[in-house]
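As given, the protein sequences belong to chains E and D, one line each in that order.
Residue numbers for the first sequence follow numbering that gives the first Met the number 0, so the first one is 0 and each next one is one higher.
Residue numbers for the second sequence follow numbering that gives the first Met the number 0, so the first one is 0 and each next one is one higher.
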Amino acid sequence: MSSPIPVNIDTDNPAVITSGLRKYYRRNRALEKLDLTVPEGAVYLLVGPNGSGKTTTMKILLDLVRPGEGSAKVFGFSPIADGPLVRAQIGYVPEGRIPGYEWMRIDHLLAHHAVYYPAWDEAYARSLITVLEIDLKKKFQKLSKGESRRVQLVMALAHRPPLLLLDEPMDGLDPVVRDRVIELLAAHLAETPTTVLASTHHIQELEKLADHLGVIRAGTLLAQSDTTTLHTRLKRYRIEAAADWTAPESLTDAIVRRNGSGPELALDIWGEEATVTSALAGSGSTVRQVSALALEETAVSLLAGQEKP
Amino acid sequence: MPIVFTIDPADARPIYVQIMDEVRRGLAVGTLAPDEPLPSVRQLAAELRINPNTVQQAWRELEREGLIYVRRGQGTFVARTARPDRERTIISRQVAERALRDAFRHGLSRAELITELEQIEPAETDITDQTEKTDTKGAD
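Encoded structure:
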C-alpha cells in the first residue's frame with residue numbers, strides 16, 4: 000500500500016496547471032517535478048518551508064523565470080509563448096520590493112501602473128488607498144516593508160484581474176492592517192470572480208478564505224487537495240494503548256504523524272473516521288477523542304510527517 | 000446584522016455548517032424572527048473574513064431546508080415557515096452530543112455527566128444564570 004494523501008486535483012477548468020516543472024539555480028534545486036493544479040475560482044494556499052519553491056513557481060507563471068523542464072499554463076496559455084497576454088490576467092504581489100521605481104512618488108507610481116491595465120478601476124483603487132491608509136505623497140524608497148506591501152496590494156487588486164498571485168501578502172503588515180487586508184480580500188472575492196494562488200507562513204490568517212491547500216517541500220508537492228476533503232479526512236485520534244501496541248496494518252500508510260510514547264498517543268490519520276476508529280478499536284486501543292485539524296495543523300502535520308524515515 | 004455570527008476554523012463542523020447552526024441558534028434564542036433580513040454574501044464574508052462561496056453554500060443549504068428564502072434583488076430573509084422549536088431540538092441534541100464526547104474524552108460515563116449536570120446550582124455562575132433566563136423565555 001502507498002500513501003493515501005492526495006497529490007492531484009481533478010478539475011475541468013484549471014486556472015493554473017503545471018506539469019513536471021523542474022528548476023535549478025546553478026546546482027540549487029528550486030523545483031523538482033512540480034504538478035500544481037489551481038481550479039478556476041479557487042483560493043489556493045501554497046504552504047511550505049523557506050526555499051521550497053513557492054516564489055519560483057509564481058515567477059514561472061509570470062515568465063519572470065523559465066523552467067529547466069516541464070510546462071505551465073495560465074488559463075490555457077503558456078507564459079513563455081504568450082507572456083504579455085498571461086501577465087495582463089494577473090495581479091501580482093511579489094515577495095520583495097518592486098525594483099526600478101524607488102524614486103517615484105506613490106501617486107505617480109500608481110498612475111504609471113494603471114496605464115498598463117485597461118481594466119484599472121480608479122474608484123476602487125482610491126477606496127483601497129483609503130482603507131489601507133497609504134500616503135500618496137511619499138516616495139517608494141521611503142516606504143517601510145509593510146507600506147510597500149500595501150501599495151503592491153492596490154496595484155494587484157485595482158484592475159480586478161482574473162488571477163491573483165500573492166507571495167507572502169501578509170509579510171511586514173501589522174495585525175490591524177493584516178485583518179483589514181483579509182476583510183477586503185473577502186469582499187473582493189464576493190464582487191469579482193477571481194482565482195487566488197497565495198503563499199504564506201501565516202496559514203491561520205488566510206485559512207478561512209482558502210478552499211484549496213498545497214503543501215510543498217523541496218520543490219515537490221507532498222499534498223494537494225480541496226480543504227473540505229482535508230478537513231474531513233485527516234483527523235487527530237487520541238488513544239490509550241498498551242506499551243506493546245502496534246498500529247493495525249491497514250493504517251500503517253495512513254498514519255501521517257504520531258505524538259506521545261504511550262499509554263496515551265495522538266495519531267494524525269488519513270481516512271474515513273468510522274473506518275479508522277474501528278480499526279484502532281479492533282487493535283486493542285481505546286479511542287478517547289477524534290478532532291478535526293485547523294488548516295495550519297494539517298499543513299504542519301503533513302510537513303512534519305514527511306520527516307520520519 | 001440581527002445576530003453576531005461566531006465561527007471557529009478548528010471546529011469539527013465545516014464553516015458553512017457552523018453558519019447554518021448560527022442561524023438555528025438565532026431562531027431558537029429568538030433574536031431572529033420570520034421575514035428578518037440576513038446579511039448579504041459580501042457582507043457576511045467580509046465580516047467573518049471567510050470565502051464568499053462558504054456563505055453562499057450555507058445560504059443554499061438553509062434555503063433547501065426551508066429556513067430562509069431569497070427575494071431576488073432584495074436579499075435573504077428568515078422564512079415564515081421556520082420553526083424555532085424544531086431548531087431548538089436540533090441544537091439541544093448537538094450540545095448534548097458535544098458534552099458527551101467531552102465527558103468520554105475525560106473518561107467519564109454518561110451517568111456521571113448527568114449526575115453532575117443535575118447538581119449544578121442554577122445561580123452558581125453568570126453563564127448558567129443566562130441560560131436559565133433564556134430557558135424561561137423559551138418556555139413562555
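Note that the Cβ used here is the ideal one computed from N, Cα and C, for glycine as well.
No experiment lies behind these values; they were computed from the predicted model shown.
Close Cβ partners of residue i (< 8 Å) along its chain, the five nearest in sequence each way excluded
i, result
"D/Trp58", "Leu37, Val40, Ile67, Val69 and Thr75"
"E/Lys136", "Arg104, Ile105 and Asp106"
"E/Ala80", "none"
"E/Ala113", "Trp119, Glu121, Ala124, Ala157 and His158"
Residue i burial status per 10 Å Cβ neighbour count (16 or more: buried)
i, result
"E/Leu84", "exposed"
"E/Ala209", "buried"
"E/Gly304", "buried"
"D/Thr80", "exposed"
"E/Thr194", "buried"
"E/Arg216", "buried"
"E/Gly67", "exposed"
"D/Ile113", "exposed"
"E/Met57", "buried"
"E/Tyr236", "buried"
"E/Ser1", "exposed"
"E/Ser284", "buried"
"E/Lys141", "exposed"
"D/Arg48", "buried"
"D/Gly106", "exposed"
"D/Ala95", "exposed"
"E/Lys144", "exposed"
"E/Thr199", "buried"
"E/His111", "exposed"
Inter-residue CB distance, residue i and residue j (contact presumed, cutoff 8 Å)
i, j, result
"E/Glu263", "E/Glu296", "Going by Cβ atoms, the distance from E/Glu263 to E/Glu296 rounds to 18 Å, so no, they are not a contact pair."
"E/Ala14", "E/Glu39", "4 Å"
"D/Val77", "D/Asp20", "Going by Cβ atoms, the distance from D/Val77 to D/Asp20 rounds to 15 Å, so no, they are not a contact pair."
"E/Ile4", "E/Trp269", "6 Å"
"E/Val289", "E/Glu271", "Wrong, their Cβ atoms sit about 11 Å apart, outside the cutoff."
"E/Ala278", "E/Pro247", "5 Å"
"E/Leu109", "E/Met154", "7 Å"
"E/Leu35", "E/Gly69", "Actually they do not touch by this definition, with Cβ atoms about 10 Å apart."
"E/Gly261", "E/Ala291", "Rounded, the Cβ-Cβ distance is 24 Å, inconsistent with contact."
Cutoff 6 Å; reference residue i; Cβ partners in own chain excluding five residues on either side
i, result
"E/Pro93", "Asp166"
"E/His211", "Ala41, Tyr43 and Asp225"
"E/Lys307", "Unreliable placement is indicated for E/Lys307, whose pLDDT of 48 sits below 50; the coordinate value is still reported in the next sentence. Contacts found: none."
"E/Arg232", "Trp269"
"D/Arg87", "Ala27"
"E/Ser300", "Val255, Arg256 and Asp267"
"E/Gln223", "Val6, Ile8 and Gly213"
"E/Val73", "Val15, Leu60 and Val85"
"E/Glu326", "An answer regarding residue 326 of chain E cannot be provided, because it is not within the stretch 0 to 308 covered by chain E."
"E/Thr54", "Glu94 and Asp166"
"E/Leu131", "Arg149"
7 Å CB neighbourhood of residue i in its chain, flanking five on each side removed
i, result
"E/Leu156", "Gly90, Leu127 and His187"
"D/Leu43", "Phe4 and Val54"
"E/Ala280", "Val286"
"E/Leu184", "Leu208"
"D/Arg24", "Ile90"
| request: Report yes or no: do the stretch 140-148 of chain E and the stretch 161-172 of chain E share at least 3 C-beta pairs separated by less than 8 Å? | output: When Cβ pairs closer than 8 Å are counted between the two stretches, the stretch 140-148 of chain E is seen to touch the stretch 161-172 of chain E, the count reaching three or more.
| field | the stretch 4-23 of chain D touching the stretch 44-57 of chain D, judged by at least three CB pairs closer than 8 Å | value | yes
| query | Which ranges would you report for the beta strand (DSSP E) in the stretch 63-128 of chain E if only whole runs of at least 3 residues count? | reply | 68-73 and 89-92
| Meets three-Cβ-pair contact criterion under 8 Å: the stretch 110-124 of chain E and the stretch 58-69 of chain E | no
| query | Curious, which full-length alpha helix (DSSP H) runs of at least 4 residues does the stretch 20-102 of chain D contain? | reply | 40-47 and 51-63
| field | Length-filtered (4 minimum) alpha helix (DSSP H) runs lying within the stretch 129-209 of chain E | value | 144-156, 174-190 and 202-205
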